Structure formats: C-alpha cells, structure tokens
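There are 2 protein chains.
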Amino acid sequence: MATIRDVAKLADVSVSTVSLALSNPARVSQKTLEKIRHAVAAVGFVADPLAQSLARGRSRMIGFVVGNVGNPFFGDIRRELENYALDHSHFVLVTDSSGKTVRERAMVEHLIGLKTAGLALAPSGHDQDYLDFIGGLNVPIVCFDQKVAGIERDFVGSDNHLAGAMLTEHLLQLGHRRIAFITGPSHMHTATERYRGFTDTMANAGVEVNPNFVVDGQFTRTAGYEAAMRLLIQPERPTAILGANNTVALSALQAMQELGFRCPEDISLAMIDNVQWSSVITPRITMVVQDTLALGGIIARRLLHRITNPQGAVEPPQDFVLTPKFVPGNSCRRI
Amino acid sequence: MATIRDVAKLADVSVSTVSLALSNPARVSQKTLEKIRHAVAAVGFVADPLAQSLARGRSRMIGFVVGNVGNPFFGDIRRELENYALDHSHFVLVTDSSGKTVRERAMVEHLIGLKTAGLALAPSGHDQDYLDFIGGLNVPIVCFDQKVAGIERDFVGSDNHLAGAMLTEHLLQLGHRRIAFITGPSHMHTATERYRGFTDTMANAGVEVNPNFVVDGQFTRTAGYEAAMRLLIQPERPTAILGANNTVALSALQAMQELGFRCPEDISLAMIDNVQWSSVITPRITMVVQDTLALGGIIARRLLHRITNPQGAVEPPQDFVLTPKFVPGNSCRRI
DNA sequence: TGATTAAATCGAACCGGTTCGATCAAACTG
DNA sequence: CAGTTTGATCGAACCGGTTCGATTTAATCA
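Chains as they are written, first to last, in this note's numbering: chain A, 8 to 342; chain B, 8 to 342.
Structure, rendered in structure tokens:
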C-alpha cells in the first residue's frame, strides 16, 4: 500500500503539503496540486482511514444500534440512513444488541472507541448509570423509537399514545367492549405510551378495562405467546385483542390458531407496527404503522447535520414526532 | 482519556513495558506487573482500539457482509457469529449491500481499510474483476450461502440441489406433474443448484418440464410477484408452484390470493428457506429449510480458527455443506 | 568467583496520517 | 523603496499504541 510519503516523494513536496492538498485543495497552488494529483494516481494512493481517524480523532463512520436488525421497522430505517450516509461519504456500522442492555452499552462503547462520527441509537437501557454514560458522550447522537426521559438528545419517533388510541377507538366503534391489551416492557416508552393510549381511550368512552385483560408480552415472541394463552384460557374471554407491537400480536394470532379460535369470527385482533409479509397473513391484520421511511430520513438528515456542523453543538436537542397511519385489515369484526 | 504514557509515568516504567505487560503478562516480572495493574486501574486506562489497529496492522473486528440483514436466514447466522465472536473478544460489524454488487465491493473495501481481522461474506458479485479482488485479499475470509466458482476460500452452505430435489419429489409423490418453478438470478449458485435439483428430479421421474412453467423471480419481491402473475394468467395453469426461495414463493402466494386462487385447493405451493412468522401464514407453506444455527456456528468457528491461527494460512480452503431439512406444511395437496 | 546465559526492561523507530507554527517569496501599502 | 500582508510550503510534533534490537539485571554454570 502506498503511503502519503510515497506521494510526497514522487511529487517532490512535503508530506504536509500533500495532506493539505487532499483535504483542502483550495489552499494549494495550481501547479503543486497538479503534481500531487499525478503522484497520487501514479502510486495509487488511498488514505488509510484508520490513520486518519487516529490523527483527526474522528472517523467517517456512523454507528447504528438497535435491538433487532431483523425487525423490518429497524430495517427500513437502517436502509434510509445507509443511503443518505453513503451519499455524504459516511459509512454505517450496524450493531444488534438483541435487546440486552449490557450488550447495547458494550456496543456503544465499542463504537465510541472507534471514534465514530455519530450514533443513531434506539435505546433500550434505562438505568441511571447508562443514561449518564450516554449523556456524557461528546458525539452527535440521534435517538429514535424509544424516547427515554433523562437523555437530552435529538429524538425521532412516532406518536405512540395516538397509535394505541387509534386502534382502541376503532375496536370501540366496532362495538367491542371486552378489549384485551398485550403490553410491552414497562421500561419502554413506546410500550407505556401505547398502553396509555389504550386506557385513556377506554376511559373516555366510559368503558372499564378488565384487569385480567391486560397481560405482559415483553415485546417478545415467547412472552407474547404466553400472555396470549393466558388471555385465551380465561372463562370470560375478550372479544378483541390489541397487541402493543407486531411480535406480541402475531404471537397471539398463533396462539389463537393453535387453540382453534378463528380470527376475526371468534376474536378480533389489531396491532401496532407492520411486519414483513403481512399481506399474506390470513387474516390481514388491522394495524397502525409508523412511517419508517420518513423516520429514517429525519434521523439521517438530523444526524449528518449534527456531524457536519460541529459548531452547532449548542443547538438544543429537538423532538420529531410523526403521526402513525391506520391501515385497515380484516382481522376486526363488528359485534 | 488516559494513554499508555500516563500509565507508564505513574507506574514508573517505560511505555514499552506497559505495552508488553498488557499484551503478554507472562514476560513481565510479578512486581512490575502489579505496579502496572495498579496504575492502569488508577488512571482508568483503556487501550485505544484505533491506535492498536494502526500499529498492529490488524483490528479485532470481523466484517459481516450480506445482501439483506433483514432476511431471517442471514439474521440467524449473524446472531450465531456475533455470539461466538463476542466470546472470543471480537466484534462484528454488519454491513448490508442490498444485493448490489458495487455496494458489496465498496463495503468489503471499507472493511479491509478498517483492517478487519476477518470477513464472513455471502457474495453476490460475480465478475472476474471482483473475484480477483476477493482472491487477492490477504485476510481470513469465510464465504457462505453462495458458492462462487473462482473464489478459493472456505465455504459454508447447504446442499441446494438436494433442497430443490426434495420439494420436487414431494410434489411428484402427491401426483403433481404440471409443476412450475420460480427461479432466482442465474448468476447465483443457490438459484441454479435449486433449479438443477428440480429439473434433475423431474427428468428422473420422466416428467417433462413445460418451459412456460419456468419463470424468473430474481429472488426479489417485485420480480417474484410478476413471475407468479405470468404463471397464473396462462390458460393451462400449473397445479403446483415451487419457489426457489422464500421471497418469490410468498410473492406467488400473494399473487394467488389476489387473483382468487386458493392454496392448496387450486394450486399447491412449496418453497425453500423459512421466513419469519411462517407459522401464522395460511396455509403453512411446505418448505425445505437450512440449519441456520449450524451454518452460523460453522462459519463462526472456521473464521475465528483462521484468525487465531494465522500460520495456518496455508491450510487449504474447505467446503462445509449441510443437509437441509424438509418441513411439511399444508400448502401442497394430493391430486 | 568470573564467565555465560537468561530474564526483565528500555529507547527509539514505526504505523500513516494531521495540524500548526515557522519560513520565505511574492504582492500590496503608503 | 522600506514595511507590511498575503499565500504557499515546510518541518516537526502529535495521535496512541506496537515492536524489536540494545542494555541492564539476575540467575546459572564451570
């Protein structure tokens, strides 16, 4: 591999001039610029990104940290960010914490060690120690999906309260009263907000929520399945189930199918967040989806704005909250 | 951030001794080792991975390059690799080429620039220039999924010919003769092998393949949908459709549903590779699945073996081919 | 006990860039 | 035309580690 010194020697200028010419051509005379360009081409010089990062104290890499890259929600956002970053000569490193807080922190630390230019982070951790850690980082960070109280950073997400409310209202309109709710982890903002949307709407409608109809699905497949089963074996069953996310809702659908309940004839089902191949799942689930493309776009632009305008570090963090969209399916029947 | 020089100063030894103590404690006396340990703890020293990589010419990162991290097939493998790597103090950088050859190459180049310790690569590119590029890299590489002629590297994958043959035989056993096949890109080994498995089995059974029943789905959703539509609008329709991968098969299912065909009553369907939530898709598709956990485990072990035994670079590349598994569903009916 | 060898430690060069103050010639000011 | 700017270039220090040959210290042997 050719180094900058090879170029300097061939162009008969100093190393510092080559470096300057490459990073700020305007400050070098036309003549030497030409010489250097030729030399670069002749030896096939490509700057070592590692050495650059070490010297500059910053790399051109962006860290992307989520709990599950396989989730199409995160996948769409990742793609948007990647495209935008690539167009601005940045490179996205994807890491997956599997939803584990310790691992998430380890990955963030790793990325920071790599002197990443910025971080797009869907936080799952919540203890004070972690918050302080994130807050103390001197790197542009855009948080998304989970709004965490205590993290003073840009945030991009959806109106989760509204998402829960929309589906609840829909079920109420169809005449449902015995509506069950499968929640997510109580430390997750999306989970609590969606649940609040549910309870608020029920209260507004003057319908009491049966405490047995609220079960914890942890946003995971196994917990969601178990929670759904608990709902389904009750003597007085709900007429509709509202899943706080795609995973728990589909786990519920599976449980229903296995027990021989038909959807929507026996029990209606609705969920928040889309899933791959939802169009071929029978019945098509009525859902509220987030505008992942828009979210990804905002995250990307905001993050790169912060990265390329370091002086604007004083710019106060801002929240971007998008309105989710209702997508009717045929999993909810009128009763 | 504390540097190694801070440690050296505090421990009253030279920088080189600190470095040695950290990388090879056995070669340092007990006494100084203690002093250094204390100093490290006192100043909170953590080695800068960038500086280490630059000096060593190698980092402790592993590059993972696939066409679609959202695909659960790759997701499972990624998880296995990640777990194993983490246990061996390596860190996985995930990159997604979106199936684009140019981007794939750019990502590999980027990872090489980062002096990654090794690469797990599901290659999609195929031009000679790219092959030479891969072949010329002086880094441990384990290829998987796609066996590419011309890449002399370890390879981990499944018996794709058998996968195609298994499903074809199953359909033949059920009495089907008018079997359609939705292929993948002809430059992909998995696609051609699965197709060969189909045609060979058909030939062995003495059943002629109707050329109109072989359509190209490109392994993508849009092309798969279009291909399926082409099959379904023919006056003489197939009685069964075999999708060369999950994407094209489910696209076919969607097309069937939209045109009002029932599966399996009107047309049977089978596919290669699982998909998330296949258990709630109606009907449950009969499929042949790869043992993703085993594949991931082999990839991980092989790659880390190569990384930690650099002297064994002479060890010739080896192929690991696993047998896929038949998973019956209810999407294929006897006729 | 002096010579030989092994173990522990050190100094300096190096990895491949960036950055900033110094230098010097050319251009501008009054 | 002396004095000051301005622009181009350079040298050296630096980022934060690693590595290897040299040197010092300790242990072994005759």
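Where a beta carbon is used, it is the ideal one built from N, C-alpha and C, also for glycine.
Owing to the predicted nature of the structure, the values given are computational and were not obtained by experimental measurement.
Is DSSP giving residue i helix, strand or coil here?
i, result
"residue 251 (chain A)", "coil"
"residue 280 (chain B)", "coil"
"residue 274 (chain B)", "coil"
"residue 288 (chain A)", "strand"
"residue 334 (chain A)", "strand"
"residue 302 (chain A)", "helix"
"residue 124 (chain B)", "coil"
"residue 268 (chain A)", "coil"
"residue 342 (chain B)", "coil"
"residue 149 (chain A)", "strand"
"residue 118 (chain A)", "helix"
"residue 328 (chain A)", "strand"
"residue 258 (chain B)", "helix"
"residue 64 (chain B)", "coil"
"residue 243 (chain B)", "coil"
"residue 214 (chain A)", "coil"
Just to confirm, is the Cβ distance from residue i to residue j under 8 Å?
i, j, result
"residue 128 (chain A)", "residue 277 (chain A)", "no"
"residue 189 (chain B)", "residue 251 (chain B)", "yes"
"residue 187 (chain B)", "residue 226 (chain B)", "no"
"residue 30 (chain B)", "residue 261 (chain A)", "no"
"residue 126 (chain A)", "residue 99 (chain A)", "no"
"residue 123 (chain A)", "residue 68 (chain A)", "yes"
"residue 329 (chain B)", "residue 297 (chain B)", "yes"
"residue 299 (chain A)", "residue 161 (chain A)", "no"
"residue 274 (chain B)", "residue 242 (chain B)", "no"
"residue 61 (chain A)", "residue 46 (chain B)", "no"
"residue 302 (chain B)", "residue 263 (chain B)", "no"
"residue 282 (chain A)", "residue 79 (chain A)", "yes"
"residue 247 (chain A)", "residue 339 (chain A)", "yes"
"residue 76 (chain B)", "residue 76 (chain A)", "yes"
"residue 259 (chain A)", "residue 230 (chain A)", "no"
"residue 102 (chain B)", "residue 88 (chain B)", "no"
Whose C-beta lies closer than 7 Å to the C-beta of residue i among residues of the same chain, with five residues either side of it excluded?
i, result
"residue 217 (chain B)", "185"
"residue 305 (chain A)", "163, 327"
"residue 153 (chain B)", "129, 130, 131, 195, 196, 197"
"residue 341 (chain B)", "181, 182"
"residue 90 (chain A)", "none"
Which first and last residues belong to the alpha helix (DSSP H) in which residue i is found?
i, result
"residue 94 (chain B)", "79-94"
"residue 23 (chain A)", "22-30"
"residue 231 (chain A)", "228-239"
"residue 14 (chain B)", "11-18"
"residue 141 (chain A)", "135-143"
"residue 38 (chain B)", "37-50"
How is the beta strand (DSSP E) around residue i delimited, first residue to last?
i, result
"residue 155 (chain A)", "Element bounds for residue 155 (chain A): n/a, residue is neither H nor E."
"residue 295 (chain B)", "293-296"
"residue 163 (chain A)", "161-165"
"residue 189 (chain A)", "186-190"
"residue 55 (chain A)", "Neither: residue 55 (chain A) is in no beta strand (DSSP E) and is coded neither H nor E."
"residue 209 (chain B)", "That residue, residue 209 (chain B), is in no beta strand (DSSP E); its alpha helix (DSSP H) goes 196-211."
"residue 102 (chain B)", "98-103"
"residue 69 (chain A)", "68-73"
"residue 220 (chain B)", "Unbroken run through residue 220 (chain B): none, as it is neither H nor E."
"residue 181 (chain A)", "Run containing residue 181 (chain A): none; DSSP gives neither H nor E here."
Excluding five sequence neighbours on each side, which residues of the same chain lie with their C-beta closer than 6 Å to the C-beta of residue i?
i, result
"residue 387 (chain A)", "Because chain A is modelled from 8 through 342, residue 387 (chain A) falls outside the range shown and cannot be assessed."
"residue 141 (chain A)", "158"
"residue 13 (chain B)", "50"
"residue 28 (chain A)", "35, 40, 43"
"residue 333 (chain B)", "173, 295"
"residue 168 (chain A)", "200, 203, 204"
"residue 280 (chain B)", "80, 252, 253"
Tell me which same chain residues have a C-beta within less than 8 Å of the C-beta of residue i, skipping the five on either side of it?
i, result
"residue 209 (chain A)", "175, 179, 186, 215, 216"
"residue 324 (chain A)", "159, 160, 161, 162"
"residue 121 (chain A)", "60, 66, 68, 70, 100"
"residue 108 (chain A)", "131, 132, 133, 134, 137"
"residue 26 (chain A)", "11"
Can you pull out the residues from the segment 23-36 of chain B whose beta carbon lies closer than 7 Å to at least one beta carbon of chain A?
Taking 7 Å as the Cβ-Cβ cut-off against chain A, none of the residues of the segment 23-36 of chain B qualify.
With 7 Å as the limit, tell me which residues of the segment 110-122 of chain A have their beta carbon closer than that to any beta carbon of chain B; keep them in chain order.
Cβ contacts with chain B: 117, 120, 121, 122.
What residues from the segment 261-295 of chain A come within 7 Å of chain B, judged by C-beta to C-beta, listed N to C?
Listed by position along the chain: 261, 264, 282, 283, 284, 286, 287, 288, 289.
Using Cβ-Cβ distances below 8 Å, what residues of the segment 42-62 of chain A are close to chain B?
The segment 42-62 of chain A vs chain B, Cβ under 8 Å: 53, 55, 56, 57, 58, 60, 61.
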